[in-house]
Each structure stands twice: as structure tokens, then as C-alpha cells.
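Just so you know, the sequences run in chain order G and H.
Residue numbers are given in our numbering: position 68 of the first sequence equals residue 68, and the series is strictly consecutive.
Residue numbers are given in our numbering: position 258 of the second sequence equals residue 554, and the series is strictly consecutive.
Take a look at the structure below.
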Amino acid sequence: MSLGLRGILNRHNALLSGTSACPGCPENMALRMLGMGLGKDVVLVVVAGCSSVIQGNAPYNAFNFPVVNVAFAAGPATASGLARAYKQKGKDVTVVVWAGDGGTADIGFASLSGAAERNENILYLCVDNEAYMNSGGQRSGSTPFGAITSTTPEGKKENKKNLPLLMIAHNIPYVATASVGYPHDYINKLKKAKQVQGFKYIHVLTPDPYGWLFDPSKTAEVAKLAVQSCYWPLFEYHNGKLEISPESLHCLDKRTRRPIRDFLSIQGRFKRMSEQDIKILEQYIDDMWKKLESML
Amino acid sequence: MMRKIISGNEAVALAVKLARVGLTGIYPITPQTTIIEVLAEMRAKGEINTEIVRVESEHSAMAATFGAALAGIRSFTATASQGLLYMHEMIWWVAGSRMPIVMVVGTRAVGAPWNIWNEHTDFTSERDSGWIMAFASNPQEALDLTLQGFRISEDERVFLPMMVGMDGFILSHTKTNVLIPNQEQIDEFLPPRRQPYVIDPEDPVGMGNIFPPEEYMKLRESIDNALKNSEDVIREIGKEYSRDINPLSDYSTLNVKYKLDDADYAVVLMGAWAGDAMEAIDSLREKGIKIGMLRIRYLRPWSESEIRNWLKDKKAVLVLDRSTSFGRGGPLYVEIRSTIGDLVPSIKGVVSGLGGVTVSKNDLLYLFNKFVEGFKEDVIWYYPREVGKIEFRTPRDIE
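Here's what the structure looks like:
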């Protein structure tokens with residue numbers, strides 16, 4: 001952890017020793033930062049995924065929060081029940097749904113959309129490693145075009161589902177994107193989200209060494225490259241206003257973007273991409289930025 | 297205490313009100329819809345404080361109800377048919393979490409093809425999930441069992457969720473005279489909510505992360521034990537309920553007898569058609585045929601002792617299923633065979649009333665007569681005589 005974070009390290013130690021995460025796990029990083037951003041009065045609702053394993057074997061639990069593990073599609077609804085019950089009991093608790101991209105983009109989307117439409121007072125965190133990493137790296141709706149997964153050995157033929165934009169379309173008060181490569185930005189967004197009444201959605205990019213095929217020591221580096229190459233935009237949408245985060249401002253001008261090849265070549269999952277394929281992915285990135293720009 | 301002419305669904309909604317339920321997750325499905333509509337109406341009028349979460353599916357209805365229960369609040373939901381099947385995953389999750397919750401199922405056929413009418417297959421297909429499962433035979437019982445449900449599921453010897461079945465339309469929409477307890481009576485009957493653990497930042501515990509095989513199996517056994525223990529708890533609570541709240545109904549046993557003690561022949565069934573069966577039994581008794589009835593009120597726990605004791609000296613037993621276990625007759629038939637197969641020389645089964653097929657007192661009379669005369673087949677599918685035998689058809693044949 002960089003020196004700059006020392007001041008907030010003691011806010012709440014979200015992770016105890018003895019997690020069963022893989023080396024270089026980005027979800028561990030994201031969870032540790034969650035504690036730094038939100039402090040103590042948090043209840044975690046974890047849907048099926050790596051995080052239901054990382055906690056370790058019962059009766060032990062390495063997450064230093066009360067945790068409810070729940071079926072894949074049940075996260076946002078379970079959190080709705082919890083949040084309303086705490087309100088009834090007069091308790092100030094931040095209820096957090098912690099779900100992967102499969103639980104968010106695919107099987108859990110109806111439940112997520114429903115809870116957002118009801119504007120439940122919960123914080124939904126999508127930890128996006130762009131595939132079903134816990135069950136062997138199968139493609140999800142959030143896997144990008146061209147990526148090799150265990151069910152798309154030839155490379156995925158469809159683009160990534162843009163969940164943050166979908167959530168903005170739900171008219172909820174707060175939507176943000178983050179990357180574990182930029183802890184300050186992520187923690188600040190968590191702090192802000194905690195103050196907002198209603199449904200909050202934060203989408204964190206969590207590059208996975210084993211599914212993305214890079215060395216486990218490079219998780220933070222890949223997470224940074226995703227932002228620098230403008231593949232992963234950092235922004236905040238609050239009270240109907242979109243704002244590009246400082247780390248992504250250079251993306252608004254195509255000329256100042258870092259080449260996408262820098263992001264692609266550091267991982268093994270894009271190795272089957274042809275020149276033509278890279279153009280398709282570049283087009284996707286261009287279109288996404290045009291869309292974001294039009295919303296500013 | 298007062299009497300009122302109300303439907304089964306209204307009776308259930310009143311029970312939810314009297315139990316001071318803190319939260320109910322609601323999603324409409326016929327025929328339980330009016331339960332949640334009445335609750336929403338009560339809430340709008342300020343008659344109840346129950347938090348109502350209007351979710352986007354039955355899966356979420358159970359999840360939201362579960363969430364509130366975890367946080368320490370009494371919670372309720374209702375469903376039927378496809379909805380029950382859709383929440384199947386969460387039904388198991390709740391039981392595995394040992395979390396007290398009460399749910400009412402307005403039983404209805406399951407598709408394909410679409411059919412909104414009555415049968416019990418949706419309900420019986422959940423019998424291995426670890427829930428306590430009671431089944432009402434009239435709106436009064438629907439109200440009484442729902443109220444007892446909170447007390448039973450929140451008993452520390454049990455700590456399991458409970459569902460109450462009620463024949464869709466036949467009970468859910470039929471208005472009858474129902475004895476409604478006072479709020480004071482129920483406040484006394486229902487102590488503040490108890491549960492095995494509460495999810496609360498003040499006492500951080502984790503629920504549902506990975507259990508090693510042996511621990512997992514021990515937890516499964518604890519559910520089995522709790523379900524068995526619940527038998528005595530149900531009798532105890534039932535006795536208290538009959539003494540203090542509804543002296544007109546006897547809840548001191550899990551199941552219900554009708555002219556059974558001196559009978560040579562016994563009919564076993566569950567739900568609303570018990571009323572017609574009792575009339576048919578009365579007619580046969582007038583002709584000197586010694587026949588009686590055992591009505592299953594609790595599918596789980598399955599009171600082996602009660603059922604064996606009550607049926608042990610019978611010449612023959614007929615099991616009526618408004619439900620299927622394809623290839624094996626009906627679920628009740630299979631259960632009864634496995635319970636008294638060594639005691640009773642002849643056990644026959646009838647599958648009927650599926651998908652809303654009306655089975656009248658006359659049909660039951662015909663069936664019971666045929667049974668007393670003795671029919672050859674182990675299980676028959678019976679269509680009311682007015683319909684006659686329907687040829688088996690596939691959708692293609694219908695064209």
C-alpha cells in the first residue's frame with residue numbers, strides 16, 4: 001500500500017489475516033479499500049463468486065464485517081430487506097452488496113434493476129474481473145470483445161455490456177466507476193457514496209491475474225493501464241451530473257490517450273486478436289467516450 | 297374476538313396484521329394476489345406499520361423477506377405455482393440459514409401448459425427443503441396456522457421457516473365465517489421475535505460462507521433434528537392456541553381425524569376437499585360402511601407416530617392426491633406407503649382434481665365405494681364422471 005494511504009489505513013481493517021484469495025487478488029485490494037472508505041457500520045451481502053470463497057472456511061471468516069452470503073441473483077433484494085429493517089430499528093448501517101460482473105451483468109441484473117428502480121438505500125459494488133473467474137474463467141456479459149475465456153477460446157465476439165451507463169439510466173442518485181489501480185479515487189468515491197441517500201452504484205475494475213493472464217505482481221499496474229489507455233473510464237455521476245475523474249480527463253482528447261496496445265499486450269487473454277479485432281475494440285472505446293462526452 | 301365473513305386470503309392478511317409483521321416482500325401471482333393487495337391497502341390506510349417491499353420477482357420477494365429476517369424483524373411473504381418454483385432456490389437458502397420466516401402458498405397447478413386453477417403440486421414439490429409445511433382446509437385454519445407459524449418457526453427448538461398451504465381459489469377466494477382473535481390475545485400468544493442470530497455490525501458474524509464437508513453435513517443433520525423436534529413444539533403451541541384463542545378448533549395434534557377410530561376403511565387426504573370427503577363419509581356411514589378420514593395438516597414434520605397409530609388397525613387405506621409424483625402416483629401416497637406399508641394390507645391411491653378439475657361429494661362417494669369394493673390398480677387417475685375418460689393427447693394431437 002502506498003504511503004499516501006497511511007492516513008486512512010486505520011479507518012477500518014476490512015480484511016483479517018487468512019483469506020483464501022489467490023496471490024495478486026484484486027478483490028482483496030478492493031475490499032481493503034472498502035473498509036478505508038466506509039469505516040465500520042457496514043453489512044456486506046456477498047453473492048456467489050470469488051468473494052464467497054475468499055472469506056475462508058466457516059466457522060472462520062476473514063472479512064471483518066458482518067457478512068451474508070446469498071444465492072447469485074438475490075443480493076440486491078436481500079440488501080433491500082436488511083436496509084429497510086435497520087431503518088425500522090433506527091440503526092445507521094451501510095448495507096453493501098458485493099457482487100462480481102456475472103452476478104451484476106447477467107444473473108443478478110433483474111434484482112439489481114429492481115432495487116435501483118425502488119431507490120433502495122443501499123450501496124451496490126460491482127467488482128468486475130470481466131469473467132466468471134470463480135468457476136474457471138467463463139465469459140460473462142461484462143467480458144470485453146476479443147478476450148479469450150474458457151467458454152470463448154476463440155475470443156469473445158460481443159462487446160462488453162456497459163453497466164455504469166445502464167445504472168445511470170435508472171435515475172439513481174449516485175453512480176461511479178473506479179479501478180483498484182487508483183485507490184485514492186476509489187476511496188473518495190466510497191466516502192461520497194456513503195453520504196448519499198438512496199441507491200448508490202460503484203463499478204470497480206478488478207484485473208484478475210489468472211483470468212487475464214498476467215503476472216500476479218502486476219495487478220495494480222494492469223488496473224492503471226486500463227485507465228490510462230481509456231479502456232476503463234473513471235467518472236462520477238451525482239445528482240444528474242456526470243463528471244470525468246481527473247485520472248481519465250486525458251481521454252476526452254483522443255490524441256492524448258495511451259495506445260490500447262499497451263493495455264492489451266500486458267495480458268495473455270487478448271493474444272488471439274487480429275489487427276481488425278483491435279480496430280473493433282478501439283471503435284468501442286471511441287463510441288463510449290463520445291457517449292460520455294455527450295452527457296457532460 | 298369477533299366473527300367475520302371473509303376469504304382465505306383476507307384471513308391470512310389479518311393474521312399478518314395481528315402478528316405485527318415488520319416487513320413483507322410482495323410480488324403478485326394468482327391466486328395469492330389479494331393477500332398482498334389487502335396488506336398494501338392496510339398499509340395505505342395506516343392500519344399497519346408493516347414495511348412493504350414491492351419487488352420485481354418472487355426470487356427477490358423471498359430474498360427481501362430473508363434480508364429483513366436476518367436483521368431481526370418478523371417477516372412474511374406469499375406466493376403460488378410458478379412463483380414458488382421461481383423462489384425455489386431461496387427457499388432452500390432460507391432453510392439452510394435456519395432463519396424463521398412465514399410464507400403462505402395459495403396452491404395452484406404448474407405449467408406447462410398455463411393453468412391458474414387449484415392443485416397441490418407446487419406445494420408438495422418443496423417437501424424436502426427443510427421448511428415446516430402446514431396445509432389448511434378452510435379460511436379459519438389458514439388464519440390460525442399462519443399465526444401459529446410465527447410462534448413455531450421462532451421457537452428455539454425449531455428455528456426453521458414455515459409455509460402454510462391453502463387451496464388456491466377454493467379457499468383463497470371463498471368467503472366463510474372466520475373467528476378473528478383480538479390484538480391483545482395475539483400479543484400475548486406471540487412473544488417478541490427470537491432467532492438463532494442477527495446480522496448486525498455490533499456483533500459481526502458471517503452467514504453462509506463455505507462449510508467444510510463434515511460441518512455442512514452436521515448442519516444438514518441439525519435441520520433434520522429440528523424438523524423432528526418441531527412435532528412436539530407444534531402440539532404444545534397448538535394446544536395453547538386452542539385453549540386461549542380458538543376453542544372451536546383442536547390444534548393439539550398435527551393431523552386431523554374424522555370418524556376414524558372405529559373405522560375399517562380410512563381415507564387420507566390434505567386440504568379443502570376434506571369437507572366434501574366428510575360428507576361422503578357421512579353418507580357411507582348411514583349405509584353401515586365403517587369408513588373414516590385422516591387429514592394431513594402437517595406435511596412436514598411428517599408425524600409417523602400419529603399416522604401409524606391412527607391407521608394401524610385398518611383393513612384398507614385410500615390416499616387421495618391433488619398432486620403428482622410422476623411415475624409414483626402422488627406424494628401423499630408414497631409417504632403413506634412408506635409409513636404404514638408393514639401395517640395395512642391394502643393401500644390404494646387416487647390422483648385427481650389436478651389443474652382445477654372439480655371433484656364433488658358425489659365423485660368422492662363413487663371413489664370411496666369403489667375403494668371399499670376393492671379395485672385392482674395401485675393408483676388410478678380419476679376424472680369426474682361427468683367428464684368421462686379423457687384420451688391421452690399430446691399438443692400435436694389436439695390440432
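Beta carbons are placed, not taken as given, at the ideal position from N, Cα and C, and that holds for glycine.
Nothing here was measured: the structure is a model prediction, and the numbers come from that model.
Taking a Cβ-Cβ cut-off of 8 Å, Trp-427 (chain H) has no neighbours in chain G, whose nearest Cβ is about 16 Å from it. Its Cα nearest to that of Cys-126 (chain G), the residue G:Gly-141 stands out among G:Gly-141, G:Lys-271, G:Tyr-231, G:Val-222. Taken in chain order, the stretch 521 to 548 of chain H contains no complete alpha helix (DSSP H) segment of 4 residues or longer. Around the beta-carbon of Gly-24 (chain G), 16 or more other beta-carbon atoms lie within 10 Å, marking it buried.
DSSP, reduced to helix, strand and coil, places Ile-592 (chain H) outside both helices and strands of the structure shown, so it counts as coil. Look at Asp-208 (chain G): its C-beta is not under 7 Å from any C-beta on chain H. Below the 7 Å Cβ cutoff, chain H contributes Leu-319, Glu-347, Val-349, Ala-364 as neighbours of Arg-84 (chain G), in chain order. When DSSP states are grouped into helix, strand and coil, His-416 (chain H) belongs to the coil group.
Rounded to the nearest whole angstrom, the CA to CA distance from Arg-316 (chain H) to Asp-418 (chain H) is 28 Å. The secondary-structure analysis by DSSP pairs Gln-138 (chain G) across a beta bridge with G:Tyr-132. With a cutoff of 7 Å on beta-carbon distance, Asp-463 (chain H) and Thr-375 (chain H) are scored as not near each other. The residues Gln-267, Gly-268, Arg-269, in chain order, have a CB closer than 7 Å to that of Leu-213 (chain G) in the same chain once the five nearest residues on each side in sequence are set aside.
Look at the stretch 343 to 398 of chain H and you find these whole runs of alpha helix (DSSP H), each 4 residues long or longer: 354 to 366, 377 to 382, 384 to 392.
In the DSSP assignment, Phe-431 (chain H) falls within the beta strand (DSSP E) that extends over 428 to 431. Each of H:Gly-504, H:Glu-498, H:Gln-481, H:Gly-461 was checked against the Cα of Arg-539 (chain H), and the nearest Cα belongs to H:Gln-481. Counting only the Cα atoms, Lys-156 (chain G) lies some 19 Å from Asp-287 (chain G).
Contact of Gly-268 (chain G) with chain H is not assigned, every C-beta pair being separated by 7 Å or more. The three-state secondary structure of Asp-499 (chain H), taken from DSSP, is strand. In terms of CA proximity to Val-460 (chain H), H:Ala-307 leads the group H:Ala-307, H:His-355, H:Asp-609. In the DSSP annotation of this structure, the continuous segment of the beta strand (DSSP E) that includes Glu-243 (chain G) starts and ends at 241 to 244.
Between Asp-215 (chain G) and Pro-209 (chain G) the beta-carbon gap is near 7 Å, inside 8 Å, which marks them as a contact. Beta-bridge annotation (DSSP): Asp-617 (chain H) is paired with H:Val-647. At least 7 Å separates the CB of Gln-197 (chain G) from every CB of chain H. Put simply, the backbone Cα of Glu-158 (chain G) is about 34 Å away from that of Arg-350 (chain H).
Interface annotation, Asn-525 (chain H): not in contact with chain G, CB-CB separation never under 7 Å.
Approximately 10 Å separates the beta-carbon atoms of Val-42 (chain G) and Trp-98 (chain G); this is outside 8 Å, ruling out the contact.
At a cut-off of 7 Å between beta carbons, Ser-135 (chain G) makes no contact with chain H. The beta carbon of His-384 (chain H) sits no closer than 7 Å to any beta carbon of chain G. Along the stretch 193 to 238 of chain G, the beta strand (DSSP E) occurs as fully enclosed runs of 3 or more residues at 200 to 205, 235 to 238, listed in sequence order. Val-401 (chain H) places its beta carbon 7 Å or farther from that of Val-454 (chain H). Pairwise C-beta distances place the stretch 565 to 582 of chain H in contact with the stretch 614 to 621 of chain H, as three or more of them are shorter than 8 Å. A Cβ-Cβ contact shorter than 7 Å links Val-474 (chain H) with Lys-300 (chain H). DSSP places Val-308 (chain H) inside the alpha helix (DSSP H), whose first and last residues are 304 to 314. Contact between Asn-119 (chain G) and Asn-505 (chain H) is ruled out by a C-beta separation of about 30 Å, above the 8 Å threshold.
The beta-carbon distance between Leu-661 (chain H) and Ala-576 (chain H), rounded to whole angstroms, is 4 Å. This is short enough to meet the 8 Å contact definition.
Excluding sequence positions up to five before and after Pro-492 (chain H), its CB lies within less than 7 Å of the CB of Arg-394, Phe-455, all in the same chain and listed in chain order.
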